[in-house]
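Just so you know, our numbering puts the end of the sequence shown at 192, numbered straight through with nothing missing.
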Amino acid sequence: MNLPKLALALAIPVAALSSPACSIPADFGSTSARTSAEDSHFTLSNESAIPIVEFYIDNKSTRGKNILDQPLQPTESRHITVVTGTPCVSNIKAVFADGTSKKDAKVDVCELGGYTLGNGAEDSYFTLGNESAIPIVEFYIDNKSTRGKNILDQPLQPTESRRITVVAGTPCVSNIKAVFADGTSRKHAKVDVCELGGYTYDN
């Protein structure tokens, strides 16, 4: 047996195993939830037309607890305290007086600073389509601010579509109504016009 060759063959894999080709972090394979080491604060603002009646920071420690002691009225702001030990990355949820709600997931509430809620804070848009055989002569987004106002400047003919603007300040959850040239109409209640994207009438 050639002992020098055997010793060399054994030495190579040992050296390879001891070589620091990569480093594994000490916390590899573990997860840690950062929590608020001391109370932190952010400003909650309501720029919608509807009072915010409930507000939640949703995590295991605060689930189901409304942290508003009284409704936050339109244009008002309020100082919100994130208590010590609250998981920084949490889900937040606001409930409005009209029953609608808005949720945002994985928000860093420890570093938030400020959070503004508004229904229609900016103009939004959706496409209105007519796949029926009859022109649509009137179209309404029916709520307190726009009641009775036809927002079609001209009839929407069969097979046509048109971009509809939901102006800033319009309540997102509204009723919509289309009136056809033959006098018939169609209504749909509680449609989120801010997130609608597209709406088509057919036969």
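For glycine and all other residues, C-beta sits at the position ideal for the given N, C-alpha and C.
- Using a 10 angstroms sphere on the CB of Thr148, the tally of other CB atoms stays under 16, which defines it as exposed.
- With three or more CB-CB distances shorter than 8 angstroms, the region 104 to 124 counts as touching the region 136 to 147.
- Under the criterion of beta carbons closer than 8 angstroms, Ser66 and Leu101 do not qualify as touching, at roughly 13 angstroms.
- Cβ contact annotation for Thr154 (same chain, cutoff 7 angstroms, sequence separation greater than five): Asp112 and Tyr114, in chain order.
- Non-local C-beta neighbours of Leu117 in its own chain, meaning closer than 6 angstroms and more than five positions away in sequence, comprise Arg151, Ile153 and Tyr188, ordered along the chain.
- Taken in chain order, the unbroken stretches of beta strand (DSSP E) that lie wholly in the region 102 to 145 and span 3 residues or more are 103 to 106, 113 to 120 and 125 to 131.
- Within the same chain, Cβ atoms closer than 6 angstroms to the Cβ of Asn164 are found at Asp131 and Ala178, the five residues on either side in sequence being excluded.
- Of the other Cβ atoms in all chains shown, fewer than 16 fall within 10 Å of the Cβ of Ala157; this residue is therefore exposed.
- If you check the CB distance, Tyr190 and Ala170 do not come in under 9 angstroms.
- Between Ser29 and Leu106 the beta-carbon gap is near 19 angstroms, outside 8 angstroms, which marks them as no contact.
- By alpha-carbon distance to Gly172, the top candidate from Cys183, Lys95 and Phe128 is Phe128.
- From the listed residues Asn119, Asn139 and Glu43, the smallest Cα separation to Lys92 is found for Glu43.
- Beta-bridge partners assigned by DSSP to Ile46: Ile81.
- Cβ contact annotation for Leu57 (same chain, cutoff 8 angstroms, sequence separation greater than five): Ile41, Val42, Glu43, Phe44 and Arg67, in chain order.
- For Cys99, the closest alpha carbon among the candidates Asp181, Glu27, Gly186 and Cys183 is that of Glu27.
- DSSP places Ser34 in the uninterrupted beta strand (DSSP E) bounded by Ser29 to Asn35.
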